[in-house]
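Numbering (my numbering), first residue to last: 43 to 285.
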C-alpha cells in the first residue's frame, strides 16, 4: 500500500533534506525501478504549465476590443520571446521559437518550484541531462542538414590529428549544459535545506523569503535564460546563420 502522508512529506523539501527519495517501486522486466520525488514534482510542474497555457489561450481568444491584463501580459511575453530568438538566431530562428519557448518555460517553472515547497526537478541530474540531450540532437541535426558532409569534415579540422579532440568537444556540449544547470539549481537547494536545518527557529522568520527570491526566483530565471541562450548559439553556429 502507498502511504499518502509519507509521499506528501517526501515531495516537500524537509529540513536539511535535499535528497531524491524513492516513493513507489515498479517491477520493470525483472528490474525494480522507483517513482521518485523528481517524477512527481516534474508532473506537477508540467500540469501547472498546461493549466497556464490553457488559461493564456482562452484569455487571448476572448480578447476583442479591450484585452485583459492577463492577455496583454501573454502578448508581451510572446513578443519578448520572438525578439529574444530573432536577436540570437536571426530570421532562421522562427523555426525554433516553439522549442525555445517551451524549453524556457519548463526550465523556469522547474527552477522556481522550490518557492512552493517542491524539490526542483532540475536539481536532479537525470532531468537536466535529458533536456541537454534533446538540445544536443537538435544541434547535430542542424549540422547534418545544413552543412551536409561539412559536419563530418569539420571534425578533422584544422588537421586530421584533431579528430579525437573535436569529437570530445561535441559530446562535451550536453555534459556542460546539463552540469551547469544541475549544479546551480542543486547548490541553491542544498543551501536552503542547510539553512532550514542548522539555524534556530527565530532565524527562519523573514530571512528565508529573501533567500528564496535569490536562489529560486532570480538564479532560476538566470539559469533558464542561459540554457536557452546557449541552445540558440550552438544551433545557429551549426546552421552557419548570419544574423
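The beta carbon of each residue, even a glycine, is placed where N, CA and C say it ideally should be.
DSSP state of residue i mapped onto helix, strand, coil
i, result
"residue 61", "coil"
"residue 173", "helix"
"residue 19", "Here the chain covers residues 43 to 285 and nothing more, so residue 19 does not appear."
"residue 71", "coil"
Burial state of residue i (16 or more Cβ within 10 Å)
i, result
"residue 280", "buried"
"residue 118", "exposed"
"residue 142", "buried"
"residue 183", "exposed"
"residue 155", "buried"
"residue 83", "buried"
"residue 160", "buried"
"residue 209", "exposed"
"residue 79", "buried"
Near the ligand COA: residue i beta-carbon under 7 Å from a heavy atom
i, result
"residue 122", "No copy of the ligand COA occurs in the structure displayed, which carries no ligand at all."
Range of the contiguous beta strand (DSSP E) that encloses residue i
i, result
"residue 116", "Note, residue 116: premise wrong, no beta strand (DSSP E); alpha helix (DSSP H) at 111 to 131."
Extent of the continuous alpha helix (DSSP H) to which residue i belongs
i, result
"residue 87", "79 to 104"
"residue 269", "261 to 281"
"residue 195", "191 to 195"
"residue 141", "139 to 154"
Residue i and residue j closer than 8 Å at C-beta
i, j, result
"residue 87", "residue 151", "yes"
"residue 68", "residue 62", "no"
"residue 272", "residue 197", "no"
"residue 278", "residue 131", "yes"
"residue 102", "residue 123", "no"
"residue 231", "residue 163", "no"
"residue 216", "residue 266", "no"
"residue 274", "residue 257", "no"
"residue 223", "residue 269", "yes"
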